[in-house]
Amino acid sequence: MTNLDAPVIGHGRWDFTPLPTGGPRWPGGKRLAVYVALGLEDYRFGEGETEDLLPGVPQPDLVNASWRDYGNRVGAFRLIDRLQSLGISPAILLNTALYDSAPDLLALARKVGAEIVGHGISNSDSLAGLGESEESRYLQAVADRIEREESTRPLGWSSPWLTQTANTLELLVDNGYRYVLDLRLDDHPVRLNTSRGELLAMPYALELNDSSSIVGRGVSASEFADMIIDEFDELLAAAEDQSLVMSIVVHSFISGAPFRLRQLTRALAHIAQHSQDVWLTQPRHIYAALQATR
Numbered sequence: 468m469t470n471l472d473a474p475v476i477g478h479g480r481w482d483f484t485p486l487p488t489g490g491p492r493w494p495g496g497k498r499l500a501v502y503v504a505l506g507l508e509d510y511r512f513g514e515g516e517t518e519d520l521l522p523g524v525p526q527p528d529l530v531n532a533s534w535r536d537y538g539n540r541v542g543a544f545r546l547i548d549r550l551q552s553l554g555i556s557p558a559i560l561l562n563t564a565l566y567d568s569a570p571d572l573l574a575l576a577r578k579v580g581a582e583i584v585g586h587g588i589s590n591s592d593s594l595a596g597l598g599e600s601e602e603s604r605y606l607q608a609v610a611d612r613i614e615r616e617e618s619t620r621p622l623g624w625s626s627p628w629l630t631q632t633a634n635t636l637e638l639l640v641d642n643g644y645r646y647v648l649d650l651r652l653d654d655h656p657v658r659l660n661t662s663r664g665e666l667l668a669m670p671y672a673l674e675l676n677d678s679s680s681i682v683g684r685g686v687s688a689s690e691f692a693d694m695i696i697d698e699f700d701e702l703l704a705a706a707e708d709q710s711l712v713m714s715i716v717v718h719s720f721i722s723g724a725p726f727r728l729r730q731l732t733r734a735l736a737h738i739a740q741h742s743q744d745v746w747l748t749q750p751r752h753i754y755a756a757l758q759a760t761r
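According to our numbering, the sequence shown is numbered sequentially starting from 468.
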C-alpha cells in the first residue's frame, strides 16, 4: 500500500513509493497472487466504439461482427472450461448487455464461481466526454444490474476502452466499487487518492492483454504465451522478497480462437505447475486479504 507521506506526482492520483520489500504473505503463505481477467463483451451493431480484426470493412460489417460474436458463442465457453481444468476461476469483465444477449454464458460463469467485474453496459460505450451526473448514472446502472442478476454488487470496475473522466475515481467510490482494474503502476495493489474514500488500483496487465498485444501490436499467439511465462517466472522470483500480484487479460473473441487457446493453455499450464507456490485467485479475494491485514 502507498505511504500517505510520500511525494505526490503530477496528476495527484497516486503517490510515489520506492520498491518495497517484506510485508505479509498471501493466504497459505504464498507470495505471488495470479488472477485471469476474461473480457466478455457486447457490441451494438454498426454504432459506437468497436474492436475489429479487419479495419475498414464498410457497413453493414458482418465480417467483424461475426469475429466478435464467435467469442460469446464458442470461445468463452472453451476458455472457461480450460481455465477450470487448470484450477483457475476467472474474473469476468462484464458488459451487462450480455445478461440479455448471452444468458447461457452468464449461467456458466455463475456455475464456476467467476467474479463479476463491472465493465460497462456495452463495449460500444466509452466514459470519455460524459458529464458527472450522466457518468454516475451509468456506473450505478452497471452495478444495479449485476446486483439484480448475481445478488451481490460488484467490488471491481474496468472501464470500456480503459477510458476515464476527471470524476471517474470519485464516482466509483460513490457507487460502491472498491477497486479499479484499469491501471498497471505497480506489482501490488495501490491506494488511489480520491476525495470520497478508499479505492485501490489492482494490478492490471496492459501488455499481458490479448487486445493490446495481439490485435493492437500484432504479437503472435506463441509470443503472447511466452510473454506470460516470462512475466510469471520473473515475478515468482521477485516474490521471494515481497507479496506481488500478476494479472493476465484475455478476451473471448481473441484468445478463444482455437489456435490462440492452444498457446494460452501452454502458458497457463506452466503457471498451474507452480500452484504450491502461487495463489490462483480473483481480485475480490486479494482485496479481502488486504482488508484482513489492516
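Every residue gets a Cβ at the ideal spot worked out from N, C-alpha and C, and that includes glycine.
#### Entry: Helix, strand or coil at A564 according to DSSP, with G and I counted as helix
Stepping through the sequence shown from its first residue, residue 564 is reached at position 97. Looking at A564 - three-state DSSP - the assignment turns out to be coil, as it is neither helix nor strand.
### Message
Less than 9 Å between the beta carbons of V712 and K497, yes or no?
### Response
Your numbering for residue 712 matches position 245 in the sequence shown. Your numbering for residue 497 matches position 30 in the sequence shown. The Cβ atoms of V712 and K497 lie no closer than 9 Å to each other.
### Message
On the DSSP bridge list, what partners appear for V647?
### Response
By one-based count along the sequence shown, residue 647 stands at place 180. Answer is W624, A668.
#### Entry: Counted within 10 angstroms of its Cβ, other Cβ atoms place A564 as buried (16 or more) or exposed
Counted from its first residue, the sequence shown places residue 564 at position 97. Result: buried.
### Pairwise C-alpha distance: L673 and P750
If you number the sequence shown from 1, residue 750 lands on position 283. If you number the sequence shown from 1, residue 673 lands on position 206. Near 16 Å, if we compare the C-alpha coordinates of L673 and P750.
### Message
Between the alpha carbons of N676 and L731, how many angstroms are there, rounded?
### Response
Your numbering for residue 676 matches position 209 in the sequence shown. Your numbering for residue 731 matches position 264 in the sequence shown. N676 and L731 have their C-alpha atoms some 11 Å from each other.
### Query
For the candidate residues V657, L573, S556, L638, whose alpha-carbon lies nearest to that of E601?
Position 134 of the sequence shown, counted from the start, is the residue given in the question as residue 601. Selection V657, L573, S556, L638 evaluated against E601 yields L638 as nearest (Cα-Cα).
### Nearest-angstrom Cα separation, counted from G685 out to S679
In the sequence shown, the residue the question calls residue 679 occupies position 212. In the sequence shown, the residue the question calls residue 685 occupies position 218. Taking C-alpha positions only, S679 is separated from G685 by approximately 9 Å.
### Task
For V541, name the three-state secondary structure that DSSP assigns.
As a first step, residue 541 must be located in the sequence shown, where it is residue number 74. Correct three-state label for V541: helix.
### Query
Using the C-alpha atoms, what's the distance from E617 back to T531?
Sequence index remark: in the sequence shown, residue 531 carries index 64 (1-based). Sequence index remark: in the sequence shown, residue 617 carries index 150 (1-based). Per the sequence shown, the amino acid found at residue 531 is Asn instead of Thr. Looking at the two C-alpha atoms, the distance is approximately 31 Å.
### Query
What is the DSSP secondary structure of N531, counted as helix, strand or coil?
Position 64 of the sequence shown holds residue 531. Residue state for N531 is assigned as helix, using DSSP reduced to three classes.
### Query
Going by beta carbon distance, what residues of the same chain come within less than 7 Å of V747, once the five residues before and after it are set aside?
The sequence position of residue 747 within the sequence shown is 280, counting from 1. It should be noted that the sequence gives Leu, not Val, for residue 747. Excluding residues within five positions, the ones whose Cβ falls inside 7 Å are V501, G554, I555.
### Task
Give me the Cα-Cα distance between G664 and F726, rounded to the nearest whole angstrom.
Taking the sequence shown and counting its residues from 1, the one referred to as residue 664 is at position 197. Taking the sequence shown and counting its residues from 1, the one referred to as residue 726 is at position 259. Taking the straight line joining both Cα atoms gives about 44 Å.
### Task
Drop a sphere of 10 angstroms on the beta-carbon of F699, count the other beta-carbons inside from all chains shown, and report buried for 16 or more, exposed for fewer.
Locating residue 699 in the sequence shown gives position 232, where the first residue counts as 1. Result: buried.
### Task
In angstroms with no decimal places, state the Cα-to-Cα distance between G596 and L629.
Residue numbering aside, residue 596 sits at position 129 when the sequence shown is read from its first letter. Residue numbering aside, residue 629 sits at position 162 when the sequence shown is read from its first letter. CA-CA distance, G596 to L629, rounds to 13 Å.
### Query
Which whole-angstrom value describes the C-beta separation of Y754 and L594, a residue pair presumed to lie in contact below a C-beta threshold of 8 Å?
Taking the sequence shown and counting its residues from 1, one reaches residue 754 at position 287. Taking the sequence shown and counting its residues from 1, one reaches residue 594 at position 127. That pair is no contact at about 22 Å.
### Message
Assuming contact is defined by CB atoms lying nearer than 9 Å, are A581 and I559 in contact in what I supplied?
### Response
Residue mapping note: residue 581 aligns to position 114 of the sequence shown, counting from 1. Residue mapping note: residue 559 aligns to position 92 of the sequence shown, counting from 1. Contact: yes.
### Beta-bridge partners of S714, as assigned by DSSP
Position 247 of the sequence shown, counting from 1, holds the residue named residue 714. S714 pairs with Y502.
#### Entry: Range of the contiguous alpha helix (DSSP H) that encloses V686
Taking the first residue of the sequence shown as position 1, residue 686 is located at position 219. Per DSSP, V686 belongs to no alpha helix (DSSP H) and is neither H nor E.
### Task
Using a threshold of 9 Å, state whether the C-beta atoms of D519 and D509 are closer than that.
Within the sequence shown, numbered from 1, the residue matching residue 519 stands at position 52. Within the sequence shown, numbered from 1, the residue matching residue 509 stands at position 42. No, Cβ-Cβ distance for D519 and D509 is not below 9 Å.
#### Entry: Residues bridged to N660 (per DSSP)
Walking along the sequence shown from the start, residue 660 turns up at place 193. Per DSSP, none; premise fails for N660.
### Query
Of the choices L561, L652, L572, G598, whose alpha-carbon is the least far from that of A610?
The count along the sequence shown starts at 1 and reaches residue 610 at position 143. It is L561 whose Cα lies nearest to the Cα of A610.
#### Entry: Sub-9 Å separation of L702 and T661 beta-carbons
Within the sequence shown, residue 702 is the residue found at index 235, counting from 1. Within the sequence shown, residue 661 is the residue found at index 194, counting from 1. Note that the C-beta distance between L702 and T661 is not below 9 Å.
#### Entry: Residue interval of the alpha helix (DSSP H) (run including E617)
Here the question's residue 617 lines up with position 150 in the sequence shown. For E617, the enclosing alpha helix (DSSP H) has its first and last residue at 599–617.
### Message
Please report the distance separating the alpha-carbon of H718 from that of A569.
### Response
Reading the sequence shown from its first residue, position 251 is the one you call residue 718. Reading the sequence shown from its first residue, position 102 is the one you call residue 569. Looking at the two C-alpha atoms, the distance is approximately 15 Å.
### Task
Take I695 and list the residues in its own chain whose beta-carbon comes closer than 7 Å to its own, dropping the five residues that flank it on each side.
Locating residue 695 in the sequence shown gives position 228, where the first residue counts as 1. In the same chain as I695, and ignoring 5 residues on each side of it, the C-beta atoms closer than 7 Å to its own belong to L675, I715, A734, in chain order.
### Query
Thinking just about the alpha-carbon of each residue, which of E690, F483, L499 is nearest to the one in A704?
If you number the sequence shown from 1, residue 704 lands on position 237. In this structure, L499 is the residue among E690, F483, L499 with its C-alpha nearest to the C-alpha of A704.
### Message
By the three-class DSSP mapping on this structure, what secondary structure does V640 have?
### Response
Residue mapping note: residue 640 aligns to position 173 of the sequence shown, counting from 1. V640: helix per DSSP, three-state reduction.
### Query
From which residue to which residue does the alpha helix (DSSP H) around L747 run?
Locating residue 747 in the sequence shown gives position 280, counting from the first residue. Not the alpha helix (DSSP H): L747 falls in the beta strand (DSSP E), residues 745–747.
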